[in-house]
Amino acid sequence: NAGVTQTPKFQVLKTGQSMTLQCAQDMNHNSMYWYRQDPGMGLRLIYYSASEGTTDKGEVPNGYNVSRLNKREFSLRLESAAPSQTSVYFCASRGTGEASYEQYFGPGTRLTVT
Amino acid sequence: DAKTTQPPSMDCAEGRAANLPCNHSTISGNEYVYWYRQIHSQGPQYIIHGLKNNETNEMASLIITEDRKSSTLILPHATLRDTAVYYCIVTGGYQKVTFGIGTKLQVIP
Chain A
1 NAGVTQTPKF
11 QVLKTGQSMT
21 LQCAQDMNHN
31 SMYWYRQDPG
41 MGLRLIYYSA
51 SEGTTDKGEV
61 PNGYNVSRLN
71 KREFSLRLES
81 AAPSQTSVYF
91 CASRGTGEAS
101 YEQYFGPGTR
111 LTVT
Chain B
1 DAKTTQPPSM
11 DCAEGRAANL
21 PCNHSTISGN
31 EYVYWYRQIH
41 SQGPQYIIHG
51 LKNNETNEMA
61 SLIITEDRKS
71 STLILPHATL
81 RDTAVYYCIV
91 TGGYQKVTFG
101 IGTKLQVIP
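Written out as structure tokens, the structure reads:
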């Protein structure tokens, strides 16, 4: 199992450009998440998807859109990148069932917006 | 989710036990305590979790007080590779999970 994979690993954008961060998991998990982590900070939830076909806002959704393409894939789109979106982006997934609340994280995408 | 409080940083000598505390005084009866760690800039990694009993696995031990208002993660023989940020999370399966800034553990040779 590859677990949670993210592409790309690194990206540099200019202000106003758009891009989509891809995430896929092969653990048959229902829930998937997008977080951002700024230097010296904890993770902040951007969007999540509790199941295929549903998405909901997290703490910091402004400037982002998401798509839960199928059970495996959950993408994050920046329509018009801003320097404030420079961050490391982590995707995660989680199974269901009592006491199965552990999240599995991808390796991250390091995004710089100039 | 219940709020957690952790010290921002701790040092531990290599080979000694590292004891990382976490306060979660508002924890509800059906909420679990989870611990993750983040090494350098990698994605966080699950370590251990518990409800009210103490738990042990190959990575660590988790001690939860009887009133469940606090817990301690124990790394029995810390190595340099255990240098990381450790996050204590309380969750009852909610979709929105809050990761604070955690405790930065520095293992010293």
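Taken in sequence, the protein lines are chains A and B. Here the first sequence stands for residues 1 to 114, numbered as in the numbering used here. Here the second sequence stands for residues 1 to 109, numbered as in the numbering used here. Idealized CB from N, CA, C, for every residue including glycine.
Tyr89(A) and Leu111(A) closer than 8 Å at C-beta: Position 89 of the first sequence holds residue 89(A). Position 111 of the first sequence holds residue 111(A). With contacts defined as CB atoms closer than 8 Å, Tyr89(A) and Leu111(A) qualify as a contacting pair.
Given Thr65(B) as reference, the closest of Ser41(B), Arg81(B), Glu58(B) and Leu51(B) once Cα atoms are compared: Locating residue 65(B) in the second sequence gives position 65, where the first residue counts as 1. It is Leu51(B).
Interface flag, Phe90(A) vs chain B, CB-CB below 8 Å: Translated into positions along the first sequence, residue 90(A) becomes position 90. So, interface residue.
Nearest-angstrom Cα separation, counted from Arg81(B) out to Leu20(B): Here residue 20(B) refers to the residue found at position 20 of the second sequence. Here residue 81(B) refers to the residue found at position 81 of the second sequence. Straight-line Cα distance between these residues: approximately 16 Å.
Rounded C-alpha distance that separates Gln45(B) from Gln17(A): Locating residue 45(B) in the second sequence gives position 45, counting from the first residue. Locating residue 17(A) in the first sequence gives position 17, counting from the first residue. Cα-Cα distance, rounded: 32 Å.
Buried versus exposed, by CB contacts within 10 Å (16 or more), Ser100(A): Numbered from its first residue, the first sequence carries residue 100(A) at position 100. It is exposed - the Cβ of Ser100(A) has fewer than 16 other Cβ atoms within 10 Å.
Span separating the alpha-carbon of Cys91(A) from that of Thr4(B): Walking along the first sequence from the start, residue 91(A) turns up at place 91. Walking along the second sequence from the start, residue 4(B) turns up at place 4. Using only the alpha carbons, I get a separation of about 23 Å.
CB of Glu31(B) within 8 Å of CB of Thr79(B), strictly: The sequence position of residue 31(B) within the second sequence is 31, counting from 1. The sequence position of residue 79(B) within the second sequence is 79, counting from 1. No, the Cβ-Cβ distance between Glu31(B) and Thr79(B) is not below 8 Å.
CB contact flag (Leu45(A), Gly63(A), <8 Å): Counted from its first residue, the first sequence places residue 45(A) at position 45. Counted from its first residue, the first sequence places residue 63(A) at position 63. In this structure, Gly63(A) does not lie closer than 8 Å to Leu45(A) by Cβ.
Residues that DSSP places opposite Thr5(B) in a beta bridge: In the second sequence, counting from the first residue as 1, residue 5(B) sits at position 5. For Thr5(B), which the question treats as bridged, DSSP gives the partners Asn23(B).
Expected contact under 8 Å - CB spacing of Met59(B) and Ile48(B) to nearest Å: Within the second sequence, the letter at position 59 stands for residue 59(B). Within the second sequence, the letter at position 48 stands for residue 48(B). That belief holds up - the Cβ atoms of Met59(B) and Ile48(B) are roughly 7 Å apart, short of 8 Å.
Supposed contact pair Val85(B) and Arg111(B) - C-beta distance, whole angstroms, cut 8 Å: This structure does not reach residue 111(B), given that chain B is present from 1 up to 109, and the question cannot be answered.
Limits of the unbroken beta strand (DSSP E) element including Thr20(A): Walking along the first sequence from the start, residue 20(A) turns up at place 20. Met19 to Gln25 is the span of the beta strand (DSSP E), which, as asked, contains Thr20(A).
Start-to-end residues for the beta strand (DSSP E) that takes in Tyr101(A): Residue mapping note: residue 101(A) aligns to position 101 of the first sequence, counting from 1. Here Tyr101(A) belongs to no beta strand (DSSP E), and DSSP marks it neither H nor E.
Assigned secondary structure, Asp82(B) (DSSP; H/G/I helix, E/B strand, else coil): The residue labelled residue 82(B) in the question sits at position 82 within the second sequence. Looking at Asp82(B) - three-state DSSP - the assignment turns out to be helix.
The stretch 28-54 of chain A: positions lying closer than 7 Å to chain B by Cβ: Ser31, Met41, Gly42, Leu43, Leu45, Tyr48 and Ala50
Closer than 7 Å: Asn65(A) CB and nearest the ligand ADP heavy atom: Ligands in the displayed structure: none, and consequently the ligand ADP is not present.
Short Cβ contact (8 Å threshold) for Pro8(B) with Ile101(B): As a first step, residue 8(B) must be located in the second sequence, where it is residue number 8. As a first step, residue 101(B) must be located in the second sequence, where it is residue number 101. Against a cut-off of 8 Å, the Cβ pair of Ile101(B) and Pro8(B) comes out as a contact.
Cα-Cα separation, Thr55(A) to Thr15(A): Counted from its first residue, the first sequence places residue 55(A) at position 55. Counted from its first residue, the first sequence places residue 15(A) at position 15. One C-alpha to the other measures close to 26 Å.
Residue-level contact to chain B via CB, Glu102(A), 8 Å cutoff: Reading the first sequence from its first residue, position 102 is the one you call residue 102(A). Yes, because at least one Cβ of chain B sits closer than 8 Å to the Cβ of Glu102(A).
Partner residues on chain A for Gln6(B), Cβ-Cβ distance less than 9 Å: Counting from one through the second sequence, the residue named residue 6(B) turns up at place 6. In chain order: nothing, as chain A lies at least about 10 Å away.
Rounded distance between the beta-carbons of Leu105(B) and Thr83(B), thought under 8 Å: Translated into the one-based positions of the second sequence, residue 83(B) becomes position 83. Translated into the one-based positions of the second sequence, residue 105(B) becomes position 105. Confirmed, Cβ separation roughly 6 Å.
Cut-off 6 Å between Cβ atoms - residues of its own chain near Ser51(A), not counting five sequence neighbours on either side: Translated into positions along the first sequence, residue 51(A) becomes position 51. Correct list, in chain order: Asn30.
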